[in-house]
Amino acid sequence: MAAATYDTLTHLNADGAVAPWLATSWHYSDATTLVMELRTDVVFTDGTRFDAEAVKANIEYAKSVTPSNVAAQPYLSYIRSVDVVSKSKVRFNLTSSQPDLPFGFSQQAGWMVSPTALKNPKTLADTAVGSGPYVLDESGTTPNKTYTFTRNKDYWAAAVEWPRFGKLVVQLMTDPTASDNAARSGQIDYTIVSAGTEISGWKIAQGAAAAFYGFTIFDTAGKINKSLGDVRVRQAMNYAVDRKAILKSVLDGQGVANASTPFGPDSLGYSRNIDSYYAYDVAKAKRLLRQAGYPNGFSVKVLNNPQWDQMAQALAGYLRKVGIDVQLSNHGDDFVQQVNSGKWAMATCLLSVTGLPYSDFTFLMTKSSSMNPLGNSNAEVDDQLAEAVSAEGDEQKRLYAQLAESAAEQAWYVVPALSSQLHAYNPDVVKVVEPKRAGAPMLYHLQPIGAE
Numbered sequence: 012m013a014a015a016t017y018d019t020l021t022h023l024n025a026d027g028a029v030a031p032w033l034a035t036s037w038h039y040s041d042a043t044t045l046v047m048e049l050r051t052d053v054v055f056t057d058g059t060r061f062d063a064e065a066v067k068a069n070i071e072y073a074k075s076v077t078p079s080n081v082a083a084q085p086y087l088s089y090i091r092s093v094d095v096v097s098k099s100k101v102r103f104n105l106t107s108s109q110p111d112l113p114f115g116f117s118q119q120a121g122w123m124v125s126p127t128a129l130k131n132p133k134t135l136a137d138t139a140v141g142s143g144p145y146v147l148d149e150s151g152t153t154p155n156k157t158y159t160f161t162r163n164k165d166y167w168a169a170a171v172e173w174p175r176f177g178k179l180v181v182q183l184m185t186d187p188t189a190s191d192n193a194a195r196s197g198q199i200d201y202t203i204v205s206a207g208t209e210i211s212g213w214k215i216a217q218g219a220a221a222a223f224y225g226f227t228i229f230d231t232a233g234k235i236n237k238s239l240g241d242v243r244v245r246q247a248m249n250y251a252v253d254r255k256a257i258l259k260s261v262l263d264g265q266g267v268a269n270a271s272t273p274f275g276p277d278s279l280g281y282s283r284n285i286d287s288y289y290a291y292d293v294a295k296a297k298r299l300l301r302q303a304g305y306p307n308g309f310s311v312k313v314l315n316n317p318q319w320d321q322m323a324q325a326l327a328g329y330l331r332k333v334g335i336d337v338q339l340s341n342h343g344d345d346f347v348q349q350v351n352s353g354k355w356a357m358a359t360c361l362l363s364v365t366g367l368p369y370s371d372f373t374f375l376m377t378k379s380s381s382m383n384p385l386g387n388s389n390a391e392v393d394d395q396l397a398e399a400v401s402a403e404g405d406e407q408k409r410l411y412a413q414l415a416e417s418a419a420e421q422a423w424y425v426v427p428a429l430s431s432q433l434h435a436y437n438p439d440v441v442k443v444v445e446p447k448r449a450g451a452p453m454l455y456h457l458q459p460i461g462a463e
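For the sequence shown, the positions run 12 to 463 when the numbering used here is used.
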């Protein structure tokens, strides 16, 4: 819903490349300084003009607000400070290299809110004050059920750059059956669907494999559970899992098998060598456990979110077959707090990957990762990452592929697959531009039929 009322600094093209939006151009003056040129013709719905001061206010607010926006923080955490160079130019001073920050600004890290409204942020709970293509129609809105939006008559991009619907109605439905029935009866024109769903006259499309889904091993140093500190044990856990079977039975075939590394087929760091890692081999898993000193296995407590229980139960079942007694502990509302507590050796995880190797690896397998509450690191792979990010062309691709193999060997995760999501739409009403590397289309990838 935020995408209806708020613009981002950048957009994603259909090919997955970052494109100008509120920011018209950008460049890195050095590895830790990003400079952006901004549009000068944008006005928020409260009359406040968009400029460099607005960007500075938004970034500083997003970095300081509590609770923080979990989806935005991985990118925002790199920003040390923001300088207003002029009304149309802003400079981001970074704590360390982050070549993918322009991509981050196409996501929640790049949302822009009126700086005037940010002075009293509590008011934003009831109304949106952005510069986006739509405005909320309160008369057609029932909170937590239905939200109606009409065109922003003063929208800077107008119909030429972003064709808009005359009215946009967002219905919140938690029951997939209800959503499917609403589609079949013509109540909605676009929805997320499960594998096997058929809706007469509709198109079913699959997003990129962009969800890293399985177990994360926090305790790679063996501080909580000594056994996990041995890389042979972590590798044994990966050999114990039948990836293809889980892809079929748990994910309904929606995704691609993965060797517990955040480098999927869409990533610059992908190579076919990764596909040969961790073929299902119970005998090898048991042999590695014996070599590590655990011939009878061991026990481990795993933090679990009940929403992801099907995957957790499947993985636990395979691990138990090689003697690893997985004890799942369910936490729903306080799952994030439990992750951050640092008390758990392992947890079920569902994380996004972007196909951008620097960000995907940094966010998932370095000391600064949000899924690394114990602060683990590996000097070898950290050095490989630093070398790869400073390289170019084929050499960079080679180095990222090398890093992907090192990531698999370190086995910080037991992730059998990158999963993908299905979406469905009525082609008589909606034209959908299917973007590469994205799990699902953004709102601006949806256009009314007949628009040019």
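Yeah, the Cβ is synthetic: ideal placement off N, Cα and C, and Gly gets one too. Predicted model only: the values in this text are computed from it and were never measured.
| Asked | Found |
| --- | --- |
| Thinking C-beta only, is V333 closer than 8 Å to A296? | yes |
| Quick check on T272: buried or exposed, where buried means 16 or more other Cβ atoms within 10 Å of its Cβ? | buried |
| For the candidate residues D263, H22 and K164, whose alpha-carbon lies nearest to that of P529? | The requested residue 529 is not part of the displayed model; the chain covers only 12 to 463. |
| In whole angstroms, what separates the C-alpha of Y329 from that of K237? | 21 Å |
| Would L314 pass as a contact of Y250 if the rule is Cβ separation under 8 Å? | no |
| Give the range of the beta strand (DSSP E) segment to which Q182 is assigned. | K178 to Q182 |
| In angstroms, rounded to a whole number, what distance separates the CA positions of K130 and L49? | 22 Å |
| Which residue from N389, Q407, Q458 and S370 puts its Cα closest to that of S88? | S370 |
| To which residues of the same chain is A51 closer than 8 Å at the C-beta, ignoring the five residues directly before and after it? | Checking the sequence shown, residue 51 turns out to be Thr, not Ala. D62, K98 and S99. |
| Taking P144 as part of the beta strand (DSSP E), name the residues at either end of that continuous run. | Where P144 is concerned, there is no enclosing beta strand (DSSP E), given that its DSSP letter is neither H nor E. |
| Considering only their Cβ atoms, is the gap separating H456 from V443 smaller than 8 Å? | yes |
| Run through DSSP, which three-state label would M47 get? | strand |
| Threshold first: 4 residues or longer. Then list the alpha helix (DSSP H) segments lying entirely within the region 231 to 319, N to C. | 242 to 250, 254 to 260 and 293 to 302 |
| Helix, strand or coil for D393 per DSSP? | helix |
| Whose C-beta lies closer than 6 Å to the C-beta of P193 among residues of the same chain, with five residues either side of it excluded? | Pro is not the amino acid found at residue 193; the sequence shown has Ala there. Excluding sequence neighbours, A193 sits near I199. |
| What number of angstroms, rounded off, separates the C-alpha of W167 from the C-alpha of G143? | 9 Å |
| For S310 and P276, I'd like the C-alpha separation in whole angstroms. | 34 Å |
| Leaving out five residues on either side along the sequence, give the residues of the same chain with a beta carbon under 7 Å from the beta carbon of T285. | First, the residue type needs correcting, since residue 285 is Ile and not Thr in the sequence shown. Counting only Cβ-Cβ distances below 7 Å, and skipping sequence neighbours, we find A270, T272, F274, A415, E416 and A419. |
| Taking just the CA atoms, how far does S278 sit from D405? | 14 Å |
| Check this for me: beta carbons of Q458 and P174, under 8 Å apart or not? | yes |
| For a minimum of 3 consecutive residues, which ranges assigned as the beta strand (DSSP E) are wholly contained in the region 90 to 125? | 90 to 97 and 100 to 105 |
| Given this structure, state the Cα-to-Cα distance separating L326 from W37, to the nearest angstrom. | 44 Å |
| Would you identify the three-state DSSP class for I199, choosing helix, strand or coil? | coil |
| If you run the structure through DSSP and keep just helix, strand and coil, what is S417? | helix |
| Of the choices Y145, R243, W355 and A412, whose alpha-carbon is the least far from that of Y305? | R243 |
| Could you tell me the alpha carbon to alpha carbon distance between D18 and V140, rounded to whole angstroms? | 11 Å |
| Can A451 and G27 be called in contact, C-beta distance under 8 Å? | no |
| Could you tell me whether any Cβ in chain D is nearer than 8 Å to the Cβ of A325? | The chain inventory of the structure shown lacks chain D, comprising one protein chain alone. |
| Should L375 be labelled buried (16 or more other beta-carbon atoms within 10 Å of its own) or exposed? | buried |
| Run through DSSP, which three-state label would N69 get? | helix |
| Secondary structure at Q432, three-state DSSP: helix, strand or coil? | coil |
| Can you tell me where the alpha helix (DSSP H) holding F372 begins and where it ends? | P368 to M376 |
| In the DSSP assignment, find the alpha helix (DSSP H) that holds A473 and state where it starts and stops. | Nothing about residue 473 can be read from this structure; the chain reaches only from 12 to 463. |
| Could you check if A358 is buried or exposed, using at least 16 other CB atoms within 10 Å of its CB as the buried criterion? | buried |
| Just to confirm, are A220 and V267 a CB contact at a threshold of 8 Å? | yes |
| So does the region 392 to 412 actually touch the region 341 to 348, counting three or more Cβ pairs closer than 8 Å? | no |
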